[in-house]
Structure formats: structure tokens, C-alpha cells
Amino acid sequence: MAAFFSNFKNALLFLPKCCRQFSNSGTLMLLSYSNLGMDHYLRQRIFKTDDLGPNGKEMLLNRLGKTKTVTESSLVALDLNDLIHVAESKLELYEVERLVCLISGSSVTAVSSLRFGASLMRLYHHLNCPKQAYNIYKYDVCRDILGDNTCHKILMDLLYKNQQYHLVLEVFETLRHFNIDCSTLAFGAYYHILNSFHPSFVSHK
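What follows is the structure, encoded as C-alpha cells:
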């Protein structure tokens, strides 16, 4: 991806207006919630919460808490997917992380077919937890489940929103395939980095 920035200086001619527009609106997000799939995820959170009922989450956590091995984790993949759509507290996020790492070590085909990596990143985005999202992304065992462009895009947007621009570029460098939304976020991050060190290099005019 290093070659991607070879003509970056010329691309910056088009970027300042874009960044000004979004910063004036009170947010650092370059991508819409719809683009990130957040609107659908939030609807699913409402549905799952209603579906589980008053004591459903507690029962779900108790059931998942008994899962200790990779073999056992393959049997609760659907429950984990439910938890990803209702988790809120630090304890619940810890349980999500533990189970994702556990289940990612499984070779069971049914697990990979769930493709809940993007939903996991949306959970962290919704709760504004960039540190947790970045940490789980860095785990080698989670590389496959979080390896697609959608996961990268959501994580990069979360990091960008929290002004962690160097981490945005770090995640961008690991992309397996080109993605225009990830590239937009990378350009935005690079713009802010350059502007912080060389204000005269990136003109706001």
C-alpha cells in the first residue's frame, strides 16, 4: 500500500474542502452510518434485546460463561452473535473478546460462515471503544475473522473519529484488497497528520 501515497500531494488538493465540511458539522466521520452498516446493526440491537426479553441477556451470559474450550465455543457461535448485538458493559465486552478469540481458533466451517467480524467492529464503533477494537484486531488468532475490507473500514472510521490518525494508516497498510472507503479514510488521516506538522504544506484555502 506504500505506493498508494506516491501522488498524495496532488490528491490533497481535493481533500481540505472535504475535511472542512465534516469538521464544521461537528464530527470527524468521513463515512455515513449507512455506509458503515451501522443503521442495520442498531436495528438488530433493538430486535435482539426485545427477542431475549428482560432476563435473556443474563441467561445468555451465564451460558457463554461456561464455554472454556475451542470445541465448546463452536457450539455457541450463534449465542456469541447474539451477545455482539446486545453487549454494553465492560464485563460484557470482555466476554465478547474472550469468546471471539476462543472461537477464532476453531476450524469449524459453521463458525466462519457466520461472518460476525463486521458486527463485532460495529459493536465497538457503537460504544466508541477504539482501544478494544484495535487490540482485538491485532490478535493473530482473529486475523481471518477480521480480515475483510468491511472490518477494516469500520475500524479505520472508529480510529479516525477518535483522531488516532497514525493507527488509521497502520490498519490501512494491512488491507488485502483495494477499497475506496478505506482509501478515503487513509487520505483523511494523512491530511491531518501532515497538517499538524506542516500547516503551510496543506492549504486550507
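Count along the sequence shown from 1, then add 582; that gives the number in my numbering.
Just so you know, even glycine gets a beta-carbon here, dropped at the ideal spot from N, CA and C.
Comparing the CB of residue i with every heavy atom of the ligand SAH, is any distance shorter than 8 angstroms?
i: Leu-757; result: By its list of ligands, the structure shown contains no ligand whatsoever, and the ligand SAH lies outside what it can speak to.
Are there 16 or more other CB atoms within 10 angstroms of the CB of residue i, so buried, or fewer, so exposed?
i: Ile-628; result: exposed
i: Arg-704; result: buried
i: Ser-616; result: exposed
i: Ile-727; result: buried
i: Ala-768; result: buried
i: Thr-651; result: exposed
i: Ile-666; result: buried
i: Ala-584; result: At Ala-584 the pLDDT is 47, less than 50, meaning the model places this residue with poor confidence and gives no usable figure here.
i: Thr-653; result: exposed
i: Ser-701; result: buried
State yes or no: is the C-beta of residue i within less than 9 angstroms of the C-beta of residue j?
i: Leu-751; j: Gln-714; result: no
i: Val-723; j: Ser-686; result: yes
i: Pro-712; j: Leu-684; result: no
i: Leu-612; j: Tyr-742; result: yes
i: Glu-677; j: Asn-717; result: no
i: Val-682; j: Leu-634; result: no
i: Thr-649; j: Lys-639; result: no
i: Leu-737; j: Val-753; result: yes
With distances taken Cα to Cα, identify the nearest neighbour of residue i among the options.
i: Met-641; options: His-774, Asp-726 and Asp-664; result: Asp-664
i: Ala-771; options: Ser-656, Glu-755 and Phe-760; result: Glu-755
i: Gly-619; options: Thr-653, Lys-735 and Gly-647; result: Lys-735
i: Leu-757; options: His-774, Tyr-719, Lys-650 and Phe-779; result: Tyr-719
i: Leu-740; options: Ala-768, Ile-727 and Asn-710; result: Asn-710
i: Ser-656; options: Ser-688, Leu-646 and Val-753; result: Ser-688
i: Phe-698; options: Phe-779, Gln-626 and His-774; result: Gln-626
Could you give the C-beta distance for residue i and residue j, rounded to a whole number, given that I count them as a contact under 8 angstroms?
i: Leu-673; j: Asp-661; result: At roughly 16 angstroms, the Cβ-Cβ gap does not stay under 8 angstroms, so Leu-673 and Asp-661 are not in contact.
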